[in-house]
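Asks:
In the working numbering, the protein residues as written are 9 to 396.
1. Kindly indicate if chain C contains any beta-carbon less than 7 Å away from that of residue 157.
2. Output yes or no for whether 7 Å exceeds the beta carbon distance between residue 383 and residue 168.
3. With 16 other CB atoms within 10 Å as the buried threshold, where does residue 316 fall?
4. What residue range does the beta strand (DSSP E) around residue 383 cover?
5. Measure the C-alpha to C-alpha separation of residue 305 and residue 160 and round it to an integer number of angstroms.
6. Please classify residue 26: does DSSP put it in a helix, a strand, or coil?
7. Figure out for me which residue from 37, 281, 289 and 123 has the closest Cα to the Cα of residue 298.
8. When you compare the CB positions of residue 193 and residue 245, do they come within less than 7 Å of one another, or not?
9. By the 10 Å Cβ neighbour count, where 16 or more other Cβ atoms means buried, how is residue 217 classified, buried or exposed?
10. I'd like to know whether the C-beta atoms of residue 132 and residue 153 end up nearer to each other than 7 Å.
11. What residue from 141, 28, 346 and 309 has the CA that sits closest to residue 276's CA?
12. Where do the ends of the alpha helix (DSSP H) carrying residue 119 lie?
13. What does DSSP give as the partner residues of residue 279 in its beta bridges?
14. State the Cα-Cα distance for the pair residue 171 and residue 165, rounded to the nearest angstrom.
15. Excluding the five sequence neighbours on either side, which residues of its own chain have a C-beta within less than 8 Å of the C-beta of residue 286, listed in chain order?
16. Beta-carbon within less than 8 Å of residue 31's beta-carbon, same chain only, minus the 5 sequence neighbours each way: which residues are those?
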């Protein structure tokens with residue numbers, strides 16, 4: 009960072025001249041920075057064609073971008089506070105005023121912020137700060153008890169079911185968001201037959217004067233994939249620690265138990281969803297690991313004639329969802345606004361569960377309370393949820 013002496017010599021005119029040159033250089037070297045098609049570029053005015061207000065706005069935006077880049081460069085050099093910059097696949101958390109004032113408690117907000125920057129008073133940090141001589145975990149006596157160890161690496165917490173409890177609470181939040189759309193899909197009868205349209209075609213005339221029309225198939229609508237529209241007899245299975253299921257034997261015989269299984273007997277479609285709650289640093293690794301774990305099951309289902317859709321999804325322990333969650337919901341046909349609501353609920357439940365695990369880091373007494381209720385249980389005929 010700049011010293012006070014260098015800041016005292018700051019020259020506004022010199023700084024403005026540098027930013028003007030930077031703006032001209034950006035205009036000369038600008039190109040595509042998004043995922044649009046080759047040759048696509050937005051209509052951007054040249055500097056010489058800008059009005060005074062437009063030029064001032066463009067220059068102000070450049071100053072903000074340069075300052076933000078300088079701050080990011082500084083954060084990349086921070087061993088702890090800059091670690092969140094490496095969470096490339098994590099989705100942004102909704103931190104609106106409504107959530108901060110009415111949904112999150114001040115203690116939960118403080119935990120969320122300090123957990124991101126690893127500034128919570130974990131035994132390892134207390135030892136680093138000189139507050140204690142030992143950094144032991146009070147549950148499993150691990151000698152380097154970091155935040156990572158407390159939320160995801162403690163052997164005692166794993167064996168006592170704390171991590172499974174948090175996993176099930178997150179799973180319930182996602183399942184509750186999916187349940188209404190499965191019910192809606194089962195109540196509808198979709199007509200997949202295409203009708204021929206003779207009214208919008210051009211009339212042709214042969215040499216002998218006979219008029220005829222060529223039938224035209226309707227153009228396909230450009231809408232996202234909607235797996236739930238492919239059937240109306242969906243059965244929903246959810247596997248929890250205390251309510252374990254058996255994978256449907258009519259599909260294949262296996263000892264594996266995916267977290268969510270949605271299948272249709274009539275159309276032979278099956279959706280498999282596997283949830284993981286890792287630390288945000290391991291979102292990409294968890295996705296790759298779970299992607300490989302169920303490849304054999306997916307191959308077995310497809311070999312028996314079932315159209316199989318497999319989605320490994322991840323919600324971080326600090327409350328950041330992986331982009332795989334959004335991809336899964338979009339493929340199932342969940343609307344955009346509802347997708348955000350489901351991911352936001354799952355993130356909040358996970359953050360609250362992690363905060364409770366943090367509060368009990370020094371106590372072996374732990375009560376597994378319900379942060380989210382289990383979705384309503386219906387019979388196979390109504391097609392929402394079926395339990396073994």
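Virtual Cβ for every residue (Gly too), placed ideally from N, Cα, C. All values derive from a computational prediction rather than experimental measurement.
Replies: So, to answer that:
1. In summary, chain C is missing from the structure at hand, where a single protein chain is found.
2. For this step, residue 383 is matched to residue 375 along the chain shown. For this step, residue 168 is matched to residue 160 along the chain shown. No, they are not a contact pair.
3. Here residue 316 refers to the residue found at position 308 when the chain shown is read from its first residue. So residue 316 counts as buried.
4. For the purposes of this step, residue 383 is identified with residue 375 of the chain shown, where counting begins at 1. Looking at the DSSP string, residue 383 is not in any beta strand (DSSP E), and its letter there is neither H nor E.
5. Mapped onto the chain shown, residue 305 falls at position 297. Mapped onto the chain shown, residue 160 falls at position 152. Cα to Cα, the separation comes out at about 27 Å.
6. By one-based count along the chain shown, residue 26 stands at place 18. DSSP places residue 26 in helix when its eight states are reduced to three.
7. As a first step, residue 298 is located in the chain shown; it is residue number 290 there, counting from the start. Cα-wise, what sits closest to residue 298 is 281.
8. If you number the chain shown from 1, residue 193 lands on position 185. If you number the chain shown from 1, residue 245 lands on position 237. No; because the gap between Cβ atoms is not below 7 Å, this pair is not in contact.
9. For this step, residue 217 is matched to residue 209 along the chain shown. Within 10 angstroms of the beta-carbon of residue 217 lie fewer than 16 other beta-carbons, which makes it exposed.
10. Residue 132 sits at position 124 when you count from the first residue of the chain shown. Residue 153 sits at position 145 when you count from the first residue of the chain shown. Yes, they are a contact pair.
11. In the chain shown, the residue the question calls residue 276 occupies position 268. Ranking 141, 28, 346 and 309 by CA distance to the CA of residue 276 puts 309 first.
12. Translated into positions along the chain shown, residue 119 becomes position 111. Start and end: 114-124.
13. Stepping through the chain shown from its first residue, residue 279 is reached at position 271. Answer is 270 and 317.
14. Walking along the chain shown from the start, residue 171 turns up at place 163. Walking along the chain shown from the start, residue 165 turns up at place 157. Going by the C-alpha atoms only, they are around 7 Å apart.
15. On the chain shown, residue 286 is found 278 positions in, with the first residue counted as 1. Short of 8 Å from the beta carbon of residue 286, and not among the five residues preceding or following it, lie these beta carbons of its own chain, in chain order: 160, 293, 294, 322, 324 and 325.
16. By one-based count along the chain shown, residue 31 stands at place 23. These residues qualify, in order along the chain: 55, 66, 67 and 70.
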